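Student:
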Amino acid sequence: MATALTHDYREHKDNHDLKHIPGTFGPPIIGHTFPLVRDLYGTIEKQYRTFGPVSRFGLAGFKGVLLIGPDLFQQVYLDKDKNFSAEMGYRGSLGRYYRGALLLRDHEEHKFQRRMMQSAFKNDAMKGYIDTMGPMIGEAVESWGDTPNMKFFPAIKQNLLDVAGKIFVGLDPDNAEADKMNQAFTDVANGMMGIITAEIPGTKHYKAKKQERYLKGFYRSLIEERRKGDGKDTFTYFVKEKTEDGEYFSDEDIESAMSFLLFAAHDTTTSALSHLMYYLGQDLETQQRLRDEVMAIDKEFLEYEDLDKMPLAEIAVKEALRLHPSVMMMQRRTINECELGGYRIPADTILFMTPMHTQRMAEYWDNPEKFDIDRWLEPRMEHKRHSFSFVGFGGGAHKCIGMHFALMQVKNFLHQFLRRYEVKLADHAKPDMQTVPLPKPSDDLPIVLRKIA
-12 MATALTHDYR EHKDNHDLKH IPGTFGPPII GHTFPLVRDL YGTIEKQYRT
38 FGPVSRFGLA GFKGVLLIGP DLFQQVYLDK DKNFSAEMGY RGSLGRYYRG
88 ALLLRDHEEH KFQRRMMQSA FKNDAMKGYI DTMGPMIGEA VESWGDTPNM
138 KFFPAIKQNL LDVAGKIFVG LDPDNAEADK MNQAFTDVAN GMMGIITAEI
188 PGTKHYKAKK QERYLKGFYR SLIEERRKGD GKDTFTYFVK EKTEDGEYFS
238 DEDIESAMSF LLFAAHDTTT SALSHLMYYL GQDLETQQRL RDEVMAIDKE
288 FLEYEDLDKM PLAEIAVKEA LRLHPSVMMM QRRTINECEL GGYRIPADTI
338 LFMTPMHTQR MAEYWDNPEK FDIDRWLEPR MEHKRHSFSF VGFGGGAHKC
388 IGMHFALMQV KNFLHQFLRR YEVKLADHAK PDMQTVPLPK PSDDLPIVLR
438 KIA
């Protein structure tokens, strides 16, 4: 079979000739966007029950094939024949603003850029990050006890942005650029929901493109300064990394990597912690189990060696991610014709994969709608039933490079938070969850904190 390396697939238009596959693209242009936004799981479940695991599907101007179930996820994620392009899958969504980012690179190019980023996520770097992270989270969490009508989502979003700004870019929270970056990420996320893709003043796309240029320009202006310095932030690791030929990575590679990294790292963890807090605010027994775990680490701040002492914290956030993945839809595009689920899939066909549905399939998870951390423990170990029934951090070559960093953030947060407070959902909290532009509780999760004496 021909591979991505010998096929000029980037020049091709998306294939829409899919009449031989069951399903429907939905209404013109919008496809199934509106029902998906209203009820992501219900929309995919209806598609699955009606048409099976492979079906025609349309979404926000894209026409392609929806894949459901861990067998198909495994085939695409492992990509043994180098036949699935992340770059072309995301070209019309994330690619509008994050072209060249790690997630949007294919095969050898992906491997090349990932090499630039690896040193920033090795043990030595992570040990430095945790020393910065704990005090910053602790200071923010301590201040929450005096907050009436507490809404968790905006509070944790601001804190994690401050942490990401410091660790990834070396910016203190009171730096004026930190607020500008926060607004830039918000505008770019909103831009991905826009239908108009021309730079017309007043449109979401226009504002997002402006912010894209701001972010890349900001990073570009700092490259030489960081290269000469001795900082321990992620940005400094990136700019000092060299290729196998002994050359620095290009400014364009660094700008693209940093723009997407900061966006992806703080938004996805914000989403995961918001959903976890939604469940812990109702499941007080599980909350106490996690509290007992963090109390057993009798330190003001976690050290790197302490992370392995928090297995319940890790499975708790994975359970929240199982129910509410931080990414609504994963996309790829075929490079050559292939077979998926018994159907011939032509070259240049967009593939849609929805983790939420696969991660709630009753074939692999007992009582799948229930938040239950014990499903991850002996003797149940439900995640072992299929290696791709949980893809909260992706899989294959594109598995999240920041996965361990994200888990480190979660553990640091729980260590600081659960030692100080008992938490319940506010009486007026709503059970509604939004999935776009960022998965989160639709009411920003009002909570009630009670200080632990």
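Per the working numbering, the sequence shown starts with residue -12, numbered consecutively.
Every residue, glycine too, gets a C-beta built ideally from N, C-alpha and C.
All values derive from a computational prediction rather than experimental measurement.
1) Considering only their Cβ atoms, is the gap separating F60 from F375 smaller than 8 Å?
2) Give me the Cα-Cα distance between C325 and N354, rounded to the nearest whole angstrom.
3) Is the stretch 238 to 245 touching the stretch 290 to 299, taking contact as three or more C-beta pairs under 8 Å?
4) Please go through the same chain and pick out, in chain order, the residues whose beta-carbon is closer than 7 Å to the beta-carbon of F38, but skip the five residues on each side of it.
5) Counting C-beta neighbours from all protein chains within 10 Å, is the total for M297 16 or more, i.e. buried, or is it exposed?
6) With a threshold of 16 other CB atoms inside 10 Å of the CB of H(-1), please say whether the residue is buried or exposed.
7) Less than 6 Å between C-beta atoms, sequence neighbours within five positions excluded: which residues of the same chain meet that for R14?
8) Can you give me the start and stop residues for the alpha helix (DSSP H) that L148 sits inside?
9) Taking the continuous alpha helix (DSSP H) assigned at Q275, which residues delimit it?
10) In three-state terms, what does DSSP make of A(-9)?
11) If we count Cβ pairs, one from each stretch, closer than 8 Å, do we get three or more for the stretch 273 to 284 versus the stretch 35 to 51?
12) Considering Cα atoms alone, identify which of G389, H415, A384, V410 is closest to Q62.
13) Should V378 and P426 be called a contact, given that it needs their Cβ atoms to be closer than 8 Å?
14) What did DSSP end up calling Y235 once you bin it into helix, strand or coil?
15) Using C-beta distances below 6 Å, list every residue in its chain close to Q274, excluding the 5 sequence neighbours before and after it, in chain order.
16) If we call anything under 8 Å between Cβ atoms a contact, is Q318 one with G76?
17) Return the chain-ordered list of same chain residues with a C-beta closer than 6 Å to the C-beta of T(-10), the five sequence neighbours on each side being excluded.
18) Given this structure, state the Cα-to-Cα distance separating M113 from R78, to the nearest angstrom.
19) Quick check on E164 - is its C-beta less than 8 Å from some C-beta in chain C?
20) In whole angstroms, what separates the C-alpha of H7 from that of D1?
21) Using the DSSP secondary-structure output, state which residues sit across from G379 in a beta bridge.
22) Use the C-beta contact count for Q396: other C-beta atoms within 10 angstroms, 16 or more gives buried, fewer gives exposed.
23) Going by alpha carbons, who is nearest to R86 out of V314, A393, F247?
24) My assumption, with CB atoms under 8 Å, is that L53 sits in contact with S42. Please give the rounded CB distance.
25) Enumerate in chain order the residues of its own chain whose CB-to-CB distance from R444 is below 6 Å, with the five nearest sequence positions on each side excluded.
26) As a quick exercise: from Q421, K417, I360, pick the residue whose alpha carbon is nearest that of I434.
27) I want to check one thing, is the minimum distance from the CB of M420 to the heavy atoms of the ligand GDP below 7 Å?
Tutor: According to the structure data:
1) Residue 375 sits at position 388 when you count from the first residue of the sequence shown. Residue 60 sits at position 73 when you count from the first residue of the sequence shown. In this structure, F60 lies closer than 8 Å to F375 by Cβ.
2) Residue mapping note: residue 325 aligns to position 338 of the sequence shown, counting from 1. Residue mapping note: residue 354 aligns to position 367 of the sequence shown, counting from 1. Each residue's alpha carbon lies about 35 Å from the other.
3) no
4) The sequence position of residue 38 within the sequence shown is 51, counting from 1. P9, G10.
5) Reading the sequence shown from its first residue, position 310 is the one you call residue 297. The residue in question, M297, is buried, as its Cβ has 16 or more Cβ neighbours within 10 Å.
6) In the sequence shown, residue -1 corresponds to position 12, counting from 1. Its Cβ having fewer than 16 others within 10 Å, H(-1) is exposed.
7) Indexing the sequence shown from 1 puts residue 14 at position 27. For the sequence presented, residue 14 should be read as Pro rather than Arg. Around P14: no qualifying Cβ.
8) As a working note, residue 148 is residue 161 in the sequence shown. Its alpha helix (DSSP H) spans residues 139 to 151.
9) Locating residue 275 in the sequence shown gives position 288, where the first residue counts as 1. Note, Q275: alpha helix (DSSP H), 271 to 282.
10) Along the sequence shown, one-based indexing puts residue -9 at 4. Low local confidence applies: a pLDDT of 45 at A(-9) is under 50, so the model's placement there is unreliable, with the coordinate-based value given in what follows. Of the three classes helix, strand and coil, the one that applies to A(-9) here is helix, per DSSP.
11) no
12) Residue numbering aside, residue 62 sits at position 75 when the sequence shown is read from its first letter. Per the Cα distances, A384.
13) The residue labelled residue 378 in the question sits at position 391 within the sequence shown. The residue labelled residue 426 in the question sits at position 439 within the sequence shown. No, the Cβ-Cβ distance between V378 and P426 is not below 8 Å.
14) Working through the sequence shown from its first residue, we reach residue 235 at position 248. Y235: strand per DSSP, three-state reduction.
15) Here residue 274 corresponds to residue number 287 of the sequence shown, with the count starting at 1. Answer for Q274: L267, listed in chain order.
16) Taking the sequence shown and counting its residues from 1, the one referred to as residue 318 is at position 331. Taking the sequence shown and counting its residues from 1, the one referred to as residue 76 is at position 89. Yes, the Cβ-Cβ distance between Q318 and G76 is below 8 Å.
17) To locate residue -10, count along the sequence shown from 1; it is residue 3. Note that T(-10) scores 46 on pLDDT, short of 50, meaning its location in the model is unreliable; the coordinates nonetheless yield the value given after this. Closer than 6 Å at the Cβ level, and outside the excluded window around T(-10), lie K69.
18) Sequence index remark: in the sequence shown, residue 113 carries index 126 (1-based). Sequence index remark: in the sequence shown, residue 78 carries index 91 (1-based). Cα to Cα, M113 sits roughly 32 Å from R78.
19) The displayed structure is made up of one protein chain only, and chain C is not part of it.
20) By 1-based counting over the sequence shown, the position of residue 7 is 20. By 1-based counting over the sequence shown, the position of residue 1 is 14. Their backbone Cα atoms lie some 17 Å apart in a straight line.
21) Sequence index remark: in the sequence shown, residue 379 carries index 392 (1-based). DSSP, once it has assigned bridges, lists G381 as partnering G379.
22) Taking the sequence shown and counting its residues from 1, one reaches residue 396 at position 409. Q396 comes out buried.
23) On the sequence shown, position 99 is the one that residue 86 refers to. When only C-alpha atoms are compared, the closest one is F247.
24) Along the sequence shown, one-based indexing puts residue 53 at 66. Along the sequence shown, one-based indexing puts residue 42 at 55. With a Cβ gap of about 5 Å, L53 and S42 count as contacting.
25) Nothing about residue 444 can be read from this structure; the chain reaches only from -12 to 440.
26) Walking along the sequence shown from the start, residue 434 turns up at place 447. Selected option, being the one with the closest Cα: K417.
27) The ligand GDP is absent from the structure shown, which contains no ligand whatsoever.
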